[in-house]
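J.: Got a structure for you, questions after.
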Amino acid sequence: MFLYNTQTRKKEEFVPIIKNRLSLYACGPTVYDYFHIGNARAFIFFDVVRRYFEFKGYEVNYVQNITDIDDKIINKSIEEKVDFTTVADKYSQAFLDDAKALGIKAPSVQPRATEVMPDIIAYIDALVKSGHAYEANRDVYFDTSSLPSYGSLSGKKTEDQLTGARVAENLFKRNPTDFTLWKNSKPGEPVWQSPWGEGRPGWHTECVVMSQKYLGETFDIHGGGIDLIFPHHENELAQAQALSGKPLANYWLHNGFLNIEGEKMSKSLKNFFTARDILQEYDAEVIRFFFLSKHYRSPIDFTRELMEESKRALSNFYEALKTVDFLEIPKILLDTSQSTEVRDFTSAMDDDFNTAKAIAIMFDLVKQLKSPSASEDDKHKAAKVMFYIGRVLGFFQNLETKLHKKQPDLSDALMELIINYRNEARNNKDWKTSDRIRDDLAALSIEIKDTPKGCIWTQKEQ
Ligand SMILES: [Zn+2]
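When the count follows the numbering used here, it moves up by one through the sequence shown with no breaks and lands on 499 for the last residue.
Next up, the structure:
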């Protein structure tokens, strides 16, 4: 398996630290708002990384942080005149809900920065004692000139770093690229006690502490969006390197940018979409399909046209799967694992997660299925292989849930019956009855939605 390593700027063979185990850290959200569709790309991609390693038989330890103390959260809490924890709790929950709605499997560990504060303070203290950090004006800074390898991840030369860092930030820094590990609090801001007085940590320190606490000094893969390489990941790496003299991660993976209709997404251009917005319009798997149809390192352009295309493609896949008897799944997995297409799929994914090629293989299978010369047996086989590949990428999750029902039950038929009664009531403009049916079902955790295609129902998890 070969991965493109940002650190070395080339594809390298993947060798895990421990055989058949993967330690993976991907930066999670700073919870001051709903996350946008660009963030969703990273979250979905690393979900696929995790799923693929699991498919290969790895035991995956996937850590994703939740940054619940940060300037942006404090600013929002001032704006909304609420406590910072109110903001952080609200958007943490929204993040978890939206990630779940996107079909993202929960990470193995999801620590919050405020939960590891003693670790953070001890880490900064160790950096100060080692001479790599210094206190100035009740803040603590990392001294980038103390680390000759500083800049190795992003490959930024000093002049670039100067423009990247906020140069004129203050007069207390020794070097313009020095970054804040601990900042003293202004009145009214949340505080923690530290050897440098009351204050709070900087983002780069929060992340490095959370990753090493759960994954060790050096772990296999560290990932995130390309915009995180500098300064965030560079600064995470600098702190780890300064303390342990070892790399923080053996492989650094970064996904490319997302544009909206050819333009950079920004609130001022009014082309800013949250994942929540897009989920209102498109099924989670359509969004997943859209992202995976491009290689993760390429920039991707979010357009209605491509989303509609993804929707059509995915419904073709589902259509093709109608021929599969899902009660046979265990056998399907056994039957198909040796097929040519599964081998092609594996080599595509082993080549730096070429999901675009993996999806092309699924398209080929649909073509085979639709070929007039295909026998019933061929069709059945192609459908099974497509199911097999698709589920590794996180598709067909709705079908998966159905599979877990041991025997065909009456609920579909009964629901159809109830929905017919409700439709009848609605046709008669008997809103009272139709609303009551909806509410009674809601009490049973069954949600019904009226769509242009008719009424659909979903059962919420208990
Ligand atoms: Zn991070």
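No residue lacks a Cβ here, since even glycine has one placed at the ideal position from N, Cα and C.
Predicted model only: the values in this text are computed from it and were never measured.
Taking the DSSP output, what are the residues bridged to W494?
T.: Along the sequence shown, one-based indexing puts residue 494 at 457. I485, per the DSSP bridge assignment.
J.: Comparing C-alpha positions only, which one of L358, I426, H417 and K418 sits nearest to A385?
T.: Here residue 385 refers to the residue found at position 348 when the sequence shown is read from its first residue. It is I426 whose Cα lies nearest to the Cα of A385.
J.: Assign K443 to one of two classes, buried (16 or more other C-beta atoms within 10 Å of its C-beta) or exposed (fewer than that).
T.: Position 406 of the sequence shown, counting from 1, holds the residue named residue 443. With a pLDDT of 47 at K443, under the threshold of 50, the modelled position of that residue is not reliable, and the figure given next carries that caveat. Counting Cβ neighbours within 10 Å, K443 comes out exposed, since fewer than 16 surround it.
J.: Take the Cβ of G192 as the centre, count every other Cβ of all protein chains shown within 10 Å, and call the residue buried at 16 or more, exposed below.
T.: Taking the sequence shown and counting its residues from 1, the one referred to as residue 192 is at position 155. With fewer than 16 Cβ atoms within 10 Å of its Cβ, G192 is classed as exposed.
J.: What do you reckon, are the CB atoms on L295 and V323 nearer than 7 Å?
T.: Within the sequence shown, residue 295 is the residue found at index 258, counting from 1. Within the sequence shown, residue 323 is the residue found at index 286, counting from 1. Their beta carbons are not under 7 Å apart, which means L295 does not touch V323 by this criterion.
J.: What I want to know is whether the C-beta of C492 ends up closer than 6 Å to one or more non-hydrogen atoms of ligand 1.
T.: As a working note, residue 492 is residue 455 in the sequence shown. Incorrect: C492 has no Cβ contact closer than 6 Å to ligand 1.
J.: CB-CB under 8 Å to K47, same chain, minus the five flanking residues each way: which ones, in chain order?
T.: As a first step, residue 47 must be located in the sequence shown, where it is residue number 10. Closer than 8 Å at Cβ, skipping near neighbours: Y41.
J.: Three-state secondary structure (DSSP) at Y95?
T.: One-based indexing of the sequence shown puts residue 95 at position 58. In the structure shown, Y95 sits in coil (DSSP, three-state: anything other than H, G, I, E or B).
J.: Within a Cβ cutoff of 8 Å, which residues of the same chain sit near I157, ignoring the five residues on either side of it in sequence?
T.: In the sequence shown, the residue the question calls residue 157 occupies position 120. The residues are A150, P238, T242, E243 and V246.
J.: Rounded to a whole number of angstroms, what is the C-alpha to C-alpha distance between I485 and T340?
T.: For the purposes of this step, residue 485 is identified with residue 448 of the sequence shown, where counting begins at 1. For the purposes of this step, residue 340 is identified with residue 303 of the sequence shown, where counting begins at 1. Whole-angstrom Cα-Cα distance: 29 Å.
J.: Let me see if you follow: with CB-CB separation under 7 Å, is A450 close to chain D or not?
T.: Of the protein chains in this structure there is only one, and it is not chain D.
J.: Would you mind sorting Q130 into buried or exposed? The rule is 16 or more other CB atoms within 10 Å of its CB.
T.: What you label residue 130 is simply residue 93 of the sequence shown in a count that begins at 1. Exposed, because fewer than 16 other Cβ atoms sit within 10 Å of the Cβ of Q130.
J.: State the DSSP-derived secondary structure class of H270, mapped to helix, strand or coil.
T.: Position 233 of the sequence shown, counted from the start, is the residue given in the question as residue 270. Residue state, collapsed to three classes: helix.
J.: Of the choices S189, P268, S167 and S305, whose alpha-carbon is the least far from that of A279?
T.: On the sequence shown, residue 279 is found 242 positions in, with the first residue counted as 1. Of the candidates S189, P268, S167 and S305, the one whose C-alpha sits nearest the C-alpha of A279 is S167.
J.: Under 8 Å by Cβ, that's how I've got S286 and T255 pegged, so tell me the actual separation to the nearest angstrom.
T.: As a working note, residue 286 is residue 249 in the sequence shown. As a working note, residue 255 is residue 218 in the sequence shown. The residue you asked about is not Ser; residue 286 is Ala in the sequence shown. The pair is a contact, with the Cβ atoms about 7 Å apart (cut-off 8 Å).
J.: Evaluate E271 with the Cβ neighbour count: other Cβ atoms within 10 Å of its Cβ, from every protein chain shown; 16 or more gives buried, anything less gives exposed.
T.: Residue mapping note: residue 271 aligns to position 234 of the sequence shown, counting from 1. E271 is buried by the Cβ-count criterion.
J.: Which same chain residues, not among the five before or five after Q44, have their C-beta less than 6 Å away from its C-beta?
T.: As a working mapping, residue 44 is identified with position 7 in the sequence shown. Once the five neighbours on either side are set aside, the close Cβ partners of Q44 are L190 and W289.
J.: Leaving out five residues before and five after F83 in sequence, what residues of the same chain have Cβ atoms less than 6 Å from its Cβ?
T.: Here residue 83 corresponds to residue number 46 of the sequence shown, with the count starting at 1. Cβ neighbours of F83 beyond the five flanking positions: A63 and G260.
J.: Determine the burial state of G262: buried for a count of at least 16 other Cβ atoms within 10 Å of its Cβ, exposed for fewer.
T.: For this step, residue 262 is matched to residue 225 along the sequence shown. Flag for G262 reads buried.
J.: For I483 and A450, what's the separation of their Cα atoms in angstroms?
T.: Locating residue 483 in the sequence shown gives position 446, counting from the first residue. Locating residue 450 in the sequence shown gives position 413, counting from the first residue. For I483 and A450, the distance between alpha carbons rounds to 15 Å.
J.: Where does A419 land, buried or exposed, given buried means 16+ other C-beta within 10 angstroms?
T.: Position 382 of the sequence shown, counted from the start, is the residue given in the question as residue 419. Buried.
J.: What is the rounded straight-line gap between the Cα of S303 and the Cα of F309?
T.: Here residue 303 refers to the residue found at position 266 of the sequence shown. Here residue 309 refers to the residue found at position 272 of the sequence shown. Roughly 5 Å between the two C-alpha positions.
J.: Between which two residues does the alpha helix (DSSP H) carrying T383 extend?
T.: Translated into positions along the sequence shown, residue 383 becomes position 346. Residues T377 to D387.
J.: So if I measure from each beta-carbon to every heavy atom of ligand 3 and keep distances below 5 Å, which residues remain?
T.: Because ligand 3 does not appear in the structure shown, any question about it cannot be addressed here, the ligands present being ligand 1.
J.: Can you round the beta-carbon distance between R334 and G431 to whole angstroms, since I take them to be within the 8 Å contact cut?
T.: Counted from its first residue, the sequence shown places residue 334 at position 297. Counted from its first residue, the sequence shown places residue 431 at position 394. Not a contact, Cβ separation roughly 19 Å.
J.: DSSP on I258, reduced to helix/strand/coil?
T.: As a first step, residue 258 is located in the sequence shown; it is residue number 221 there, counting from the start. Note: I258 maps to strand in three-state DSSP.
J.: Are V422 and N353 closer than 7 Å when you measure CB to CB?
T.: For the purposes of this step, residue 422 is identified with residue 385 of the sequence shown, where counting begins at 1. For the purposes of this step, residue 353 is identified with residue 316 of the sequence shown, where counting begins at 1. No, the pair does not count as a contact, with Cβ atoms beyond the cut-off.
J.: From what residue to what residue does the alpha helix (DSSP H) around H291 run?
T.: Stepping through the sequence shown from its first residue, residue 291 is reached at position 254. Premise fails: H291 lies in the beta strand (DSSP E), A286 to N292, not in any alpha helix (DSSP H).
J.: Opposite R237 in the DSSP bridges: which residues?
T.: Within the sequence shown, the letter at position 200 stands for residue 237. K220, per the DSSP bridge assignment.
J.: Measuring straight from C-alpha to C-alpha, what distance separates R58 and D120?
T.: Looking up residue 58 in the sequence shown gives position 21. Looking up residue 120 in the sequence shown gives position 83. Going by the C-alpha atoms only, they are around 41 Å apart.
J.: On a CA-only basis, which of E50, I111 and V52 is nearest D70? Give me that one, please.
T.: As a working mapping, residue 70 is identified with position 33 in the sequence shown. Comparing Cα-Cα distances from D70 to each of E50, I111 and V52, the minimum goes to I111.
J.: Quick one, which of L133, I103 and E273 has its alpha-carbon nearest P148's?
T.: The residue labelled residue 148 in the question sits at position 111 within the sequence shown. It is I103.
J.: Indicate the three-state DSSP secondary structure (helix, strand or coil) for K331 in the structure shown.
T.: Counting from 1 along the sequence shown, the entry for residue 331 is found at position 294. If DSSP states are grouped into helix, strand and coil, K331 belongs with coil.
J.: Residues in its own chain within less than 7 Å of I266 by CB, not counting five upstream and five downstream?
T.: Looking up residue 266 in the sequence shown gives position 229. For I266, where only same-chain residues beyond five positions count, the Cβ hits under 7 Å are T43, L190, S191 and H291.
J.: Given this structure, state the Cα-to-Cα distance separating K469 from L447, to the nearest angstrom.
T.: The residue you call residue 469 lines up with position 432 of the sequence shown. The residue you call residue 447 lines up with position 410 of the sequence shown. Approximately 27 Å, taken between the alpha carbons.
J.: Could you compute how far the alpha carbon of L139 sits from the alpha carbon of T67?
T.: Residue mapping note: residue 139 aligns to position 102 of the sequence shown, counting from 1. Residue mapping note: residue 67 aligns to position 30 of the sequence shown, counting from 1. Cα to Cα, L139 sits roughly 18 Å from T67.
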